[in-house]
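Colleague: Right, I'll just put the structure down here and ask away after.
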Amino acid sequence: MIGLQHFLIFSGTLFCIGLFGALAKRNAIAILMGLELMLNAVNINLVAFSRYITTGDFTGQVFAIFVIAVAAAEVAVGLALIVAIYRDRISVNVEDFDWLKW
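Residue numbers (numbering that gives the first Met the number 0): 0 to 101.
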């Protein structure tokens with residue numbers, strides 16, 4: 000039987016993979032994908048705690064829907080910025096984004 004600890008281990012693993020993707024990658028799109036993995040790990044935690052701790056209450060699911068909406072807005076803005084930067088610089092490598100350096 001799948002218990003709360005299985006969901007926590009799965010979400011922790013997913014969060015670590017996303018954190019590695021966000022910190023180790025140089026591609027801006029890969030960084031956005033890492034952020035999405037971390038947000039999905041949070042959603043799994045919210046729904047699992049709602050299911051196993053507060054049975055019959057939908058607080059975790061409501062927060063998960065809110066996180067999904069925030070993630071969709073974040074991806075829309077992020078991809079628009081990356082496309083605009085790509086048209087200007089012909090690169091999505093974050094180390095090439097140096098116009099704010101002294």
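Using N, Cα and C, we set each Cβ at its ideal position, and we do this for glycine too. These numbers were taken from a predicted model, which means no experiment stands behind them.
1. Report, in whole angstroms, the separation of the C-beta atoms of residue 40 and residue 14, which I expect to be a contact under 8 Å.
2. Is residue 90 buried or exposed, if buried means 16 or more other CB atoms sit within 10 Å of its CB?
3. Just how far apart, CA to CA, sit residue 28 and residue 78?
4. Look at residue 93 and residue 31 and say whether their C-beta atoms are less than 8 Å apart.
5. Can residue 59 and residue 37 be called in contact, C-beta distance under 8 Å?
6. Tell me which same chain residues have a C-beta within less than 7 Å of the C-beta of residue 81, skipping the five on either side of it?
Modeller: This is what the structure gives:
1. Right, the Cβ-Cβ distance comes to about 4 Å (below 8 Å), so this counts as a contact.
2. Result: exposed.
3. Rounded to whole angstroms, the gap between the alpha carbons of residue 28 and residue 78 is 8 Å.
4. Cβ atoms of residue 93 and residue 31: not closer than 8 Å.
5. Judged by their CB atoms, residue 59 and residue 37 are not nearer to each other than the 8 Å cut-off.
6. In its chain, beyond the 5 residues on either side, 27, 28 and 91 have a beta carbon closer than 7 Å to the beta carbon of residue 81.
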